[in-house]
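Visitor: So the sequence lines, in the order shown, correspond to chains F and A.
Reminder that position 166 of the first sequence reads as 166 in UniProt numbering, one-by-one numbering, no gaps.
Reminder that position 232 of the second sequence reads as 232 in UniProt numbering, one-by-one numbering, no gaps.
Think of the CB as a built atom: it goes at the ideal place given N, C-alpha and C, for glycine as much as any other residue.
Protein chains: 2
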Amino acid sequence: MKPIKVGLLGLGTVGTGVVRIVEGHQDDLQSQVGSPIVIEKVLVQNKNKSRSIPIDADKMTEDPWEIIRHPEIDVIVEVMGGVEQTKEYILEALERGKHVVTANKDLMAMHGTEILEKAKRHQCDILYEASVAGGIPILRTLVEGFSSDRITKIMGIVNGTTNYILTKMSQEGASYADVLKEAQDLGYAESDPTSDVEGLDAARKMTILATLGFHANVALEDVSAQGISSVTKEDITYAKRLGYEVKLLGIAERQDDLISVSVQPTMVKQSHPIASVNGVFNAVYVHGEAVGETMFYGAGAGELPTATSIVADLVAVVKNIKLGVNGKQSGVAYKEKKLKTDEQISSKYFLLLQVADRAGVLARITQVFADFEVSLESVLQQPNPSIAQAEIIVITHDANKAAIQKVLASFESLDVVHKVKSVYRVEG
Amino acid sequence: MKPIKVGLLGLGTVGTGVVRIVEGHQDDLQSQVGSPIVIEKVLVQNKNKSRSIPIDADKMTEDPWEIIRHPEIDVIVEVMGGVEQTKEYILEALERGKHVVTANKDLMAMHGTEILEKAKRHQCDILYEASVAGGIPILRTLVEGFSSDRITKIMGIVNGTTNYILTKMSQEGASYADVLKEAQDLGYAESDPTSDVEGLDAARKMTILATLGFHANVALEDVSAQGISSVTKEDITYAKRLGYEVKLLGIAERQDDLISVSVQPTMVKQSHPIASVNGVFNAVYVHGEAVGETMFYGAGAGELPTATSIVADLVAVVKNIKLGVNGKQSGVAYKEKKLKTDEQISSKYFLLLQVADRAGVLARITQVFADFEVSLESVLQQPNPSIAQAEIIVITHDANKAAIQKVLASFESLDVVHKVKSVYRVEG
Chain F
1 MKPIKVGLLG
11 LGTVGTGVVR
21 IVEGHQDDLQ
31 SQVGSPIVIE
41 KVLVQNKNKS
51 RSIPIDADKM
61 TEDPWEIIRH
71 PEIDVIVEVM
81 GGVEQTKEYI
91 LEALERGKHV
101 VTANKDLMAM
111 HGTEILEKAK
121 RHQCDILYEA
131 SVAGGIPILR
141 TLVEGFSSDR
151 ITKIMGIVNG
161 TTNYILTKMS
171 QEGASYADVL
181 KEAQDLGYAE
191 SDPTSDVEGL
201 DAARKMTILA
211 TLGFHANVAL
221 EDVSAQGISS
231 VTKEDITYAK
241 RLGYEVKLLG
251 IAERQDDLIS
261 VSVQPTMVKQ
271 SHPIASVNGV
281 FNAVYVHGEA
291 VGETMFYGAG
301 AGELPTATSI
311 VADLVAVVKN
321 IKLGVNGKQS
331 GVAYKEKKLK
341 TDEQISSKYF
351 LLLQVADRAG
361 VLARITQVFA
371 DFEVSLESVL
381 QQPNPSIAQA
391 EIIVITHDAN
401 KAAIQKVLAS
411 FESLDVVHKV
421 KSVYRVEG
Chain A
1 MKPIKVGLLG
11 LGTVGTGVVR
21 IVEGHQDDLQ
31 SQVGSPIVIE
41 KVLVQNKNKS
51 RSIPIDADKM
61 TEDPWEIIRH
71 PEIDVIVEVM
81 GGVEQTKEYI
91 LEALERGKHV
101 VTANKDLMAM
111 HGTEILEKAK
121 RHQCDILYEA
131 SVAGGIPILR
141 TLVEGFSSDR
151 ITKIMGIVNG
161 TTNYILTKMS
171 QEGASYADVL
181 KEAQDLGYAE
191 SDPTSDVEGL
201 DAARKMTILA
211 TLGFHANVAL
221 EDVSAQGISS
231 VTKEDITYAK
241 RLGYEVKLLG
251 IAERQDDLIS
261 VSVQPTMVKQ
271 SHPIASVNGV
281 FNAVYVHGEA
291 VGETMFYGAG
301 AGELPTATSI
311 VADLVAVVKN
321 IKLGVNGKQS
331 GVAYKEKKLK
341 TDEQISSKYF
351 LLLQVADRAG
361 VLARITQVFA
371 DFEVSLESVL
381 QQPNPSIAQA
391 EIIVITHDAN
401 KAAIQKVLAS
411 FESLDVVHKV
421 KSVYRVEG
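(1) Just to confirm my understanding: we take A:S375, look at its own chain, exclude 5 residues before and 5 after, and list those with CB closer than 6 Å. What are they?
(2) Counting pairs of Cβ atoms below 8 Å between the stretch 245 to 263 of chain A and the stretch 211 to 227 of chain A, do you hit three or more?
(3) To which residues of the same chain is A:L249 closer than 6 Å at the C-beta, ignoring the five residues directly before and after it?
(4) Just checking: is the beta-carbon of F:R358 within a distance shorter than 8 Å of some beta-carbon in chain A?
(5) What is the DSSP secondary structure of F:E190, reduced to helix, strand or coil?
(6) Assuming the contact rule is C-beta atoms closer than 8 Å, A:G279 and A:T167 should be a hit. Round their C-beta distance to whole Å, please.
(7) Sort A:G12, A:I37 and A:V83 by Cα distance to A:G24 and report the nearest one.
(8) Jot down the residue ranges of each uninterrupted beta strand (DSSP E) in the stretch 236 to 293 of chain A, minimum 3 residues, whole runs only, in chain order.
(9) Closer than 7 Å between beta carbons: that is the criterion. Which residues of the stretch 289 to 306 of chain F meet it against chain A?
(10) Return the bridge partner residues of F:H99 from the DSSP annotation.
(11) Are the Cβ atoms of A:I73 and A:I90 separated by less than 8 Å?
(12) Within its chain, find whatever has a CB closer than 7 Å to the CB of F:A409; leave out the 5 residues flanking it on each side and keep chain order.
(13) Pairing CB atoms from the stretch 315 to 330 of chain A with CB atoms from the stretch 181 to 199 of chain A, are three or more of them under 8 Å?
(14) What residues from chain C crowd round A:A316, counting only those whose CB sits closer than 7 Å?
(15) Step through the CB atoms of chain A and report whether any lies within less than 8 Å of the CB of F:K328.
(16) Starting from the C-beta of A:I165, find all residues in its chain whose C-beta is less than 8 Å away, skip the five residues before and the five after it, and write them out in chain order.
(17) Do the stretch 341 to 356 of chain A and the stretch 130 to 145 of chain A make contact, defined as three or more Cβ pairs closer than 8 Å?
(18) I'd like to confirm the pairing. Which residues does DSSP put opposite F:G298 in its beta bridges?
(19) Looking at the C-beta of F:S52, does it have a partner C-beta in chain A at a distance below 8 Å?
(20) For the beta strand (DSSP E) containing F:E117, list its first residue and its last residue.
(21) Put F:M169 into one of helix, strand or coil per three-state DSSP.
(22) How long is the line joining the alpha carbons of F:S170 and F:K269, rounded to whole angstroms?
(23) Just confirm the distance between the C-beta atoms of F:E373 and F:A402, as a whole number of angstroms; I'd bet it's less than 8 Å.
(24) So for A:M80, helix, strand or coil by DSSP?
(25) Can you tell me which residues form a DSSP beta bridge with A:T61?
(26) To the nearest whole angstrom, what separates the beta carbons of A:A312 and F:S147, a pair I think is in contact under 8 Å?
(27) Check A:V132 in the structure and name its three-state DSSP category.
(28) Name the residues in the stretch 124 to 157 of chain A whose C-beta lies less than 7 Å from a C-beta of chain F; which are they?
(29) Of all the CB atoms in chain A, is at least one closer than 8 Å to the CB of F:I102?
(30) Kindly indicate the opening and closing residues of the alpha helix (DSSP H) around A:V368.
(31) Using 8 Å as the limit for Cβ to Cβ distance, is A:L353 near chain F?
(32) By the three-class DSSP mapping on this structure, what secondary structure does A:G10 have?
(33) Between which two residues does the alpha helix (DSSP H) carrying F:A225 extend?
(34) How many angstroms separate the CA atom of F:K47 from the CA atom of F:E40?
(35) Which residues in the same chain have their Cβ closer than 6 Å to the Cβ of A:G213, if we skip the five residues on either side of it in sequence?
(36) Just mark A:E253 as buried or exposed, buried being the case when its beta carbon has 16 or more other beta carbons within 10 Å.
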């Protein structure tokens, strides 16, 4: 049988995993697809660097075009990262009739629509399961498993670095700065951690999840993102005392045809299944009108988990090649995107206020909430003797985001509120 | 566009859900598959019975053959249950070139191989996602999501009734008999609960999961099944004290090419993700060589969750009809089945023994474990004044099942062991 030839762009951690799985599981793969799968060419930055796996020298190249334009290569597997230059490679590969499997969340979040359209026009497959939540097959679950349902909510712990940091802060009472330093030493966080800790990485993944879940072209600009760098030990202590964990959640919601997508540190009730997802693990919670609550849990990153998703995509592409049905994939948006305004985005909120410790303060503060029609679920006032002030913790009932912003603006000019220490969305 | 015509066999709870979703989500479905999906005929037991959903009288029939032999019906959806008679209907439908979607775990566990072969021969699809774990799309996850990996272990809470009973016993300290009665009153348990509580229902589902996960034709007879009717309040109390929950787990394992599949009440460490799956929820934990630990959680039964899976299968069949690629599905076993012997099945065990309360007893008991090379992780002896005897709790290290059986046989003839009160497999 004619082998299927693969060109691999990138031989870092994930690329190495792809080679290991394709070569190590060759018999199993061949039993499933009916043909050998051969890695024909590999793009590397330096051919002379020593590798943890044996690769023939003549398979390696430092010239991407040698792979993109290789007449015998059927499928491109892109694990090199980068956006603009990589997009150029992928678009040309599709134009040349090559199918593409990619793990590149940045690329798909920023240029997914253009790439999907190009693929369709050239009857090519473009699959990207590994771009979100590593080894968890969440994209095919949304597209195929829940094809019959209307998904109303997707909540994801989709960034392992921040979940590792928050888990350590919660379990050990450590500070953000200390845990970040430790995560960097262990290789769980980059030396420049901005993309992870400021929620940008999670926002890119939520763009992809919301697009597939809601069948509408959600763009990265539609996602409001807030990271974890301002989360304090104190916030986590208060959260735990009230029965919550602090998690960086991506939240995509749909009501009728109105969508909102955001990423923010969120207080999640400890009884909610996503609250106990700890360490570098990822999980995606999906609520559908018919199916109700579901959750999918697994490794969000790492050489082999991510490579598992890539090679599963490769198997799907090869099966389509055999059946002659490439370029017919679902997951293309067929609904008009309508975003919620801040008035339409509703959730519970937690607020921690530092206030003057004297009579009448609580009445004035609760009046502000009443003025903007925010009703309160619980209020706790306690003195903080160390600063001769009181602290007030408020958990609201469902309130719209615009009203909460007006409440916060009013506190600015209210002399008894010395400081709004923390504001969190609340779930579960 | 020519509509796709569906014949529905059965209009009980799940059948009603299928009608609701197909009719309620018609626009979404049509956007995905490009054709209307029409429920053409529905098999009912009594045409004159009143229904919770409006169905044209002329769509209903009491004659299954009118649907099976209907010239215009493309897809049969079988939600009537039953085995031998239903198998006859499905085989004839396949012979007539009709595709089949079924929720029938009994049928697929007992006759899956024959039905899959018939479908392939007639180039028809046969899909059965709803047969295991209701709304959780676990079958397509095993077949597609993990196509590139080697699955080494599948552990499932795949029976909602028993998980509800064990959860209540754990959370409220109630007895098995009391909770079973309550579950029957609530409609969570059948009036004859044997199939659920004796682990037979779970065994059927594990047969399907193991066949797909390990690519070998596992038969129902290969699954050893033990139910929960002998689980006591006392067992659960001991388990919790030691940091475990008691769960009815289906466990399918593979080492090299050797397989074992079993269902039994199991002590699961509280830190394991499957230990916190409570109530009627289902979960399937999958360990793969490359992907590591994953878990999939959701509703295991119910009108709409189960119907979600059935209609997702229907969407997949219709897409294949459009592409002209029916009957090419994966999931057919390509590996020879080799079952482990009891000597090769290894796990930790918990034993609770009632023993004579005098000197030297512990030495004699631990000597029996040593005789059969079972090493012990922990031993706890305590007096039970109410019966003037002592109790010994033993947790072993990994031991093979044959050795544990020999230990238990030896205790029979050991005068100081008055009773082996409980034996549990231990996981996590």
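Guide: This is what the structure gives:
(1) H397
(2) yes
(3) M155 and T266
(4) no
(5) Correct three-state label for F:E190: coil.
(6) 5 Å
(7) Considering only alpha carbons, the answer is A:I37.
(8) The qualifying runs are 244 to 255, 258 to 269 and 281 to 288.
(9) A290, V291, G292, E293, T294, M295, F296, Y297, G298, A299, L304 and P305
(10) Note: F:H99 sits in a beta bridge opposite F:V75.
(11) Between A:I73 and A:I90, the C-beta spacing is not below 8 Å.
(12) Closer than 7 Å at Cβ, skipping near neighbours: no residue.
(13) No, because fewer than three Cβ pairs between the stretch 315 to 330 of chain A and the stretch 181 to 199 of chain A fall closer than 8 Å, the two stretches do not touch.
(14) Of the protein chains in this structure, namely F and A, none is chain C.
(15) yes
(16) Cβ within range, chain order: Y176, V179, L180, A183, A189, V197 and I228.
(17) no
(18) F:N282 and A:T294.
(19) no
(20) From DSSP, F:E117 is part of no beta strand (DSSP E) but of the alpha helix (DSSP H) over K105 to R121.
(21) helix
(22) Taking the straight line from one Cα to the other gives about 14 Å.
(23) Wrong, their Cβ atoms sit about 11 Å apart, outside the cutoff.
(24) In the structure shown, A:M80 sits in coil (DSSP, three-state: anything other than H, G, I, E or B).
(25) A:L43
(26) 5 Å
(27) coil
(28) G135, I136, P137, R140, T141, E144, G145, F146, S147, S148, D149 and R150
(29) Note that residue 102 of chain F corresponds to Thr in the displayed sequence, not to Ile. So no, F:T102 is outside the interface.
(30) Unbroken alpha helix (DSSP H) run through A:V368: V361 to D371.
(31) At a cut-off of 8 Å, the C-beta of A:L353 has no neighbouring C-beta in chain F.
(32) coil
(33) DSSP places F:A225 outside any alpha helix (DSSP H); the residue lies instead in the beta strand (DSSP E), whose first and last residues are V223 to A225.
(34) 15 Å
(35) L142, I151 and I154
(36) buried
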